[in-house]
Amino acid sequence: MGGCVSTQAHGGEVSEHDKQLHRQAEKELKIAKAKMAAQVKASHLSQCIGERVVLFSSLRIIPMPSSPQDMTVLLLGSGDSGKSTINKQMRLIHSRPFTAQEKESFRQLVFDNLTRGLKSVFDALEHLDLELPEAYTNVYPEDDFQGRAGFVRGWAPGECGGDAFASTLRRRGEPKGCGEDGVKPDRITEDVKLIEEAEDARDGVPFPLNFLGPLQRLWEEPSVREAWSRGNEAALPENLQYFFSDLPRLFNPDYIPTEQDIVQTRARTIGITETTFHLKDHEMLMVDVGGQKSERRKWIHCFQDVTSILFLVSLSGYDQCLVEDRDANQMQDAMTIWDSICHSQWFKQTSIILFLNKDDLFQKKIKSSHIKTFFPDFDGELGNAVVGREYFKKRFSRLAHKAGRAKEREIYIHVTTATDTENLRVVMAAVEE
Numbered sequence: 002m003g004g005c006v007s008t009q010a011h012g013g014e015v016s017e018h019d020k021q022l023h024r025q026a027e028k029e030l031k032i033a034k035a036k037m038a039a040q041v042k043a044s045h046l047s048q049c050i051g052e053r054v055v056l057f058s059s060l061r062i063i064p065m066p067s068s069p070q071d072m073t074v075l076l077l078g079s080g081d082s083g084k085s086t087i088n089k090q091m092r093l094i095h096s097r098p099f100t101a102q103e104k105e106s107f108r109q110l111v112f113d114n115l116t117r118g119l120k121s122v123f124d125a126l127e128h129l130d131l132e133l134p135e136a137y138t139n140v141y142p143e144d145d146f147q148g149r150a151g152f153v154r155g156w157a158p159g160e161c162g163g164d165a166f167a168s169t170l171r172r173r174g175e176p177k178g179c180g181e182d183g184v185k186p187d188r189i190t191e192d193v194k195l196i197e198e199a200e201d202a203r204d205g206v207p208f209p210l211n212f213l214g215p216l217q218r219l220w221e222e223p224s225v226r227e228a229w230s231r232g233n234e235a236a237l238p239e240n241l242q243y244f245f246s247d248l249p250r251l252f253n254p255d256y257i258p259t260e261q262d263i264v265q266t267r268a269r270t271i272g273i274t275e276t277t278f279h280l281k282d283h284e285m286l287m288v289d290v291g292g293q294k295s296e297r298r299k300w301i302h303c304f305q306d307v308t309s310i311l312f313l314v315s316l317s318g319y320d321q322c323l324v325e326d327r328d329a330n331q332m333q334d335a336m337t338i339w340d341s342i343c344h345s346q347w348f349k350q351t352s353i354i355l356f357l358n359k360d361d362l363f364q365k366k367i368k369s370s371h372i373k374t375f376f377p378d379f380d381g382e383l384g385n386a387v388v389g390r391e392y393f394k395k396r397f398s399r400l401a402h403k404a405g406r407a408k409e410r411e412i413y414i415h416v417t418t419a420t421d422t423e424n425l426r427v428v429m430a431a432v433e434e
C-alpha cells in the first residue's frame, strides 16, 4: 500500500507501470496472507477464514476492477462502531453462509468473549472505584462439575444435550439462601483466578464446564453488575449481556453458534479484510480496516479509487470513552475522523454514506444518560431519541458542508442497528442502488 497512488493511462486503462506494481503486490500479498494465517490460528480469532486478508505494511495494492460496473466500498469509522458486524451481516444478507470451519472459529471466539469480557470488567473495577468482595454476596449450590477440571471429554453427540441439559445447568446456577449448603462464599477468589488464567477454547472440544459456575456467579455479583451498568466509562464490551444471559446454551456440548451469535461476537480487526459480494449485475468489494487509533494513521493515503466510503458512527458512543483512551469521547473521536475524511484530497470524488449505528443501544441509553452532559450545545430533552438522532445528523452534516463535500457529492445518512439483520437488509438495499 505505501503511497498507494495509481497512475491511470488515458481511456481508463491500467498502465504497464501499474501492472508491474500489481504483480509485485500480489507476490507480497501471498507472504502477508501466510503471516496473517499463522497469526489468526495462534489467536483463535479466525473469523477471516475464506476471505482475502492483507496485513498493514508497506504492501502496495493497485485497484484493478474486472468490470466498470464493479464497485469497491471502504468501511471506515472509529473503533467499536460496528464495521466488522456490517461485514458479517452482508454475508448473511447475500446468502454467503459461514462454513463449518468458520463457525468453529466463532464458537471459540464466543468463549474468548466471555472470559476476556469478564476480565475487562475486573480491570475496570478500580477505575470505577469499585471492588469485588472477599466473599460472594449470594451462596450458590455446589457445582456438580467441580471435579472435572480442564476440558470435558467423552461426551457422545447429543448426550445431555438440548433443553434438558440447559434446564439442569440453569437450576444448578440459581442462588440459594445464605443458610443453605452450597458454594463457599470465599470461593470467589478461586473463581476470579480461574477466569484470569483462562486459556483459549480448543478446536472441536466443548467449553470446559468448570467455567460455567464461576462465570454465572461472578456475572451476578453486584459490583460486577454495577461496573457493567457504567460500561461507557470504561469501554466495556457491549455484547456481554447478550452472551452472559444465555450461558447454559453456550455450554451445551453440542453448541454451534447461531447467526445472531456470530453477529454478536467481537474481535479487534487486525489489518484489512476484503470480502466480495455478487450483486444483481456487478460485484461489490467491501474492505474493512482497523478502527483503533494505532491503525488509523494508515487509512487515508492507502485508498484512492474506491467507489464509496461507508462511514460508521456508534450513536451510543456519545457518552462513551475509547477502548485505547479512557479520557477521549467516542463520538468526538468519530467526528474528528469524519472531518479528516471529508477534507481528504484522496476522496474528493468519492461518495460517502454515513451510518449512525447502534440505534438500539442509543434508544436504551438516552433514557438515563443526557446528551447535554457530553455535548453542551444540545438543547433537547432527556430521553428524546428522535431529537437526539437529528442533533447528530446535523453535527456530521455541518462538518461535511464545512469541508465543501456538499458541493461535489451528496452525503447519504442512515440510522442503523448493525446486529439487526432485517434492518440492515433494508438499508443496504438502498445503499447498493
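This note's numbering puts the first residue of the sequence shown at 2, with every later residue one more than the last. Glycine is no exception: its CB is placed at the ideal position from the N, C-alpha and C atoms. Predicted, not measured: the structure shown is a model, and the values here were computed from it.
The Cβ neighbour count for S230, taken over all protein chains shown within 10 Å, is under 16; the residue is labelled exposed. Around the beta-carbon of A401, 16 or more other beta-carbon atoms lie within 10 Å, marking it buried. Note on the segment 296 to 374: whole beta strand (DSSP E) runs with a minimum of 3 residues are 309 to 315, 352 to 358, in chain order.
Around the beta carbon of E191, fewer than 16 other beta carbons sit within 10 angstroms, so the residue counts as exposed. The beta-carbon distance between L251 and V111, rounded to whole angstroms, is 6 Å. This is short enough to meet the 8 Å contact definition. Between the alpha carbons of P238 and D361 lies a gap of roughly 15 Å. At a Cβ-Cβ threshold of 8 Å, K373 and S317 do not count as neighbours.
If the five residues before and after F107 are omitted, its C-beta is found closer than 8 Å to the C-beta atoms of Q48, F99, P258, D262, I263, T266, all from its own chain and listed in chain order. Between the C-alpha atoms of E200 and I414 there is a straight-line separation of about 42 Å. Rounded to whole angstroms, the gap between the alpha carbons of L119 and A228 is 11 Å. Residue state for I271 is assigned as coil, using DSSP reduced to three classes. With a beta-carbon spacing of about 6 Å, N330 and F375 fall inside the 8 Å limit used to define contacts. Spatial neighbours of T86 in its own chain (CB-CB distance under 7 Å, excluding positions within 5 residues in sequence) are listed in chain order as V264, A419, T420. Residue pairing by DSSP puts D289 in a beta bridge opposite L76, T274. Looking at the backbone, the Cα of D247 and that of Q350 are separated by about 47 Å. Around the C-beta of A430, fewer than 16 other C-beta atoms lie within 10 Å, and the residue is accordingly described as exposed. For V428, the uninterrupted alpha helix (DSSP H) run begins and ends at 422 to 433, by DSSP. For V140, there is no enclosing alpha helix (DSSP H), as DSSP gives it neither H nor E. Annotation for H415: the continuous beta strand (DSSP E) segment containing it runs 412 to 416.
In terms of CA proximity to D204, A101 leads the group C322, A101, M72, I354. If the five residues before and after A386 are omitted, its C-beta is found closer than 6 Å to the C-beta atoms of Q364, I367, all from its own chain and listed in chain order. E284 is bridged by DSSP to H279.
Contact between the segment 326 to 341 and the segment 276 to 286 is absent, with fewer than three C-beta pairs closer than 8 Å. The distance from the Cβ of F244 to that of N114 is about 6 Å, consistent with a contact at the 8 Å cut-off. One alpha carbon belongs to T308, the other to E275, and they sit about 14 Å apart.
Nearest to I353 by alpha-carbon distance, out of G232, R188, R218, S398, is S398.
G232 is classed as buried because its beta carbon has at least 16 other beta carbons within 10 Å across all chains shown. In this structure, A235 is the residue among Q346, K395, A235 with its C-alpha nearest to the C-alpha of D320. Going by beta carbons, D334 and S96 fall outside the 8 Å limit.
In the three-state DSSP reduction, A101 falls in the helix class (H, G or I). The C-beta of E103 has 16 or more other C-beta atoms within 10 Å across all chains shown, which makes the residue buried. Note on the segment 181 to 249: whole alpha helix (DSSP H) runs with a minimum of 4 residues are 189 to 197, 213 to 221, 223 to 230, 241 to 245, in chain order.
Pairing D289 with I412, the inter-Cα distance amounts to about 20 Å.
Counting C-beta atoms within 10 angstroms of its own C-beta, R226 has fewer than 16 neighbours from the protein chains shown and is therefore classed as exposed. Shown here, L129 sits in coil according to DSSP, grouped into three states, outside any helix or strand. For D113, the three-state secondary structure derived from DSSP is helix.
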